[in-house]
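Read the structure below first, then the notes.
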Amino acid sequence: MLGCHYTMVSMSNEYSLYCNINPIKGQLKVSGTITIPATEESAYFILNRGLRWTKTARLTASGYQKLNALETDIVEVPRFYNGDLWTFDIQKSGQDEFVLEIEYSGQIHPPTKDSEMPAMGYIKRDFVELACYSAWYPVPFNMETNMSFELALESPDDWTWEANGKLQKVEDSENSAVWRWKQARPVNDIVVVGLPKRDAHLDQDSLFWGPRNLAGSHKILDTSAREMKELLEEWLGPIDTQEPVRFAITPRKLGGAYARSGLIVVGGGYSTDVSLRKPVLQAMCHEICHDWFCKASVKTYDNWLDEALAEYCSIMVTDDYLNEGYLESRVEKTLQGLEKQGRIPSIKSLTRDQEEAYAAYYFRGFLLLHEISEKIGRTEFRNMVGEFAQICVKNRIVTTDIFLEFMEQKLGTKAREIANDWLSFDGIGTPAE
Ligand SMILES: [Zn+2]
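Heads up, the sequence shown is in this note's numbering, so the first residue is 1 and it goes up one at a time.
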């Protein structure tokens, strides 16, 4: 089974990719190097089914050594990744790391129908969205692996791009431009989004980026988003980056939002309807919260922690900001929403790619934290969460056990008992009093 042979040792990969995107033809061509630790479990990658390896080699002290890319199904790829699992026939040789030279090209295939997953990645003539879900780069299968990267992206010169790294420069040549980013911190994904400049909403003073017809109207959310982010920083402390948070709005209709080291990608954008302002502000805050809460594995139930903490903190800050009883109404709605779904297995027994995980992690997870907060004392609980946020910032991996241990230290055994009861509760709604 998955999970048992994963150790707590967290590892880092270094990616250096040169990538050419042709939005008209929907094609991608990538060459580059990946440096990985010389361990068995680090040599597994997921790659989109529409992409074909054209070169796989290993760089050693004595030169290049050709490698064979081998498709494998020794473990199942979680269904939110749209790709196959690959490994290479690397001979061990006592080094600390492997340097892989790779080339691949092709098209981004959408998920198969029977996976029932939305197309989160695509190369279209009017928009490109690429992240780990579409496995547009060889995604390390061991999700405890973080990546630092250098990315050069060659595309038509009338396109504009965003990525989850620091933009170094844009070099124009005849009909194309090369955009270069660097991400020195270890992160869990490489994300690029882009569109033709003529369609783009480009406003230095706005947190929102994307197609003019979608992103332009978001300007009215700018002030609130900034002010709420400040409230979060007061509570949760500094994060380890100076990069300002940005929201990239994409035309994708399904699949929602994901946050990657300061870049928040939102399919379809947020509603700017006044009647939906409160839940929209909370949803934006939830994504900003992932600047702190993004270190739990998505392959184990630990992922509940990132989502429940992002829900809890965003709901509390929305309540602070609006001062209109948002918390009470939200607790009630969440409970109703959870009960309506009928029996939901325990948080502990679910992984993110299972259907019931959403209700368990977001609804029951939030209610769990709220329960402890009300039983122990809101101020004490919030202070504990603030300190824990800094543990998340400083560590590569965060687990439920690390959280429970820390909470017990700060708030006592009662808090941990409540959490344990709720985490193993299997049934409708929440555990009875
Ligand atoms: Zn989230």
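Ideal placement from N, C-alpha and C gives every residue a C-beta, glycine not left out. In this text the structure is predicted, and so the values were computed from the model without any measurement.
Taking a C-beta distance under 9 Å as the contact criterion, Asp89 and Leu67 qualify as a contact pair.
Membership of Asp222 in the alpha helix (DSSP H) is indicated by the continuous run 222-236. As the crow flies, the alpha-carbon of Gly256 is around 17 Å from that of Pro211. Between Val265 and Gly194 the beta-carbon gap is near 12 Å, outside 8 Å, which marks them as no contact.
The shortest CA-to-CA distance from Ile344 to any of Thr351, Glu332, Ala357 is the one to Ala357.
The region 37-120 is shown to contain whole beta strand (DSSP E) runs of 3 or more residues at 45-47, 51-60, 63-66, 69-72, 84-88, 97-106, in chain order. Only buried fits Arg352, as 16 or more other CB atoms lie within 10 angstroms of its CB. Under the Cβ criterion (8 Å, minimum of three pairs), the region 209-223 does not count as touching the region 134-143. With a 10 Å radius around the Cβ and a threshold of 16 neighbouring Cβ atoms, Glu417 comes out exposed. In the structure shown, Leu263 falls within a strand segment according to DSSP collapsed to helix, strand and coil. Ranking Ala259, Leu335, Thr399 by CA distance to the CA of Ala432 puts Leu335 first. Relative to the Cα of Tyr362, the nearest Cα in the group Thr379, Arg330, Ala389 belongs to Arg330.
Remark: the shortest separation between the CB of Glu405 and any heavy atom of ligand 1 does not fall under 8 Å. A distance below 9 Å separates the beta carbons of Gly268 and Arg252. Listed in chain order, the non-local C-beta contacts of Phe149 below 6 Å within the same chain comprise Tyr15, Gln183, Ile190, local neighbours out to five positions each way being set aside. Per the DSSP secondary-structure output, Phe149 pairs in a beta bridge with Tyr15, Gln183. A check of alpha carbon separations from Asp401 across Thr39, Ala389, Ala419 identifies Ala419 as the nearest. If you draw a straight line from the Cα of Glu328 to the Cα of Val317, it comes to about 13 Å. Of Asn82, Leu232, Arg198, Gly427, the smallest CA-CA separation from Asn383 is found for Leu232. In this model, Lys29 and Ala38 are separated by some 27 Å (Cα to Cα). Closer than 8 Å to some heavy atom of ligand 1: that does not describe the Cβ of Asp189. Non-local beta-carbon contacts of Ser105 in its own chain, meaning distances under 8 Å to residues more than five positions away in sequence, involve Gln27, Leu28, Lys29, Val30, Leu51, Arg52, Thr54 in chain order.
Rounded to the nearest angstrom, the Cβ distance from Phe403 to Phe381 is 13 Å, too far for a contact under 8 Å. Burial state of Leu70 is exposed, judged by a 10 Å Cβ sphere holding fewer than 16 other Cβ atoms. Between Lys197 and Asp158, the CB-CB gap stays under 9 Å.
Distance check between Glu116 and each of Lys375, Ala57, Leu254, Ser275 places Leu254 closest, using alpha-carbon atoms only.
In this chain, the beta strand (DSSP E) harbouring Gly210 covers 208-211. Bridge partners of Leu195 according to DSSP: Thr160. Linking Arg378 to Leu263 through their CA atoms gives a straight-line distance of about 31 Å. Under the DSSP definition of a beta bridge, Phe247 partners with Phe208, Ile264. By alpha-carbon distance to Lys299, the top candidate from Ile397, Trp161, Thr60, Ala43 is Ile397. In this structure, Glu162 keeps its C-beta atom at 9 Å or more from the C-beta atom of Ala177. C-alpha of Glu374 to C-alpha of Met407: approximately 14 Å in a straight line.
Per DSSP, the unbroken beta strand (DSSP E) holding Asp172 starts and ends at 166-172. Beta-bridge pairing by DSSP links Ile347 to no other residue.
Residue pairing by DSSP places Gln27 opposite Asn22 in a beta bridge.
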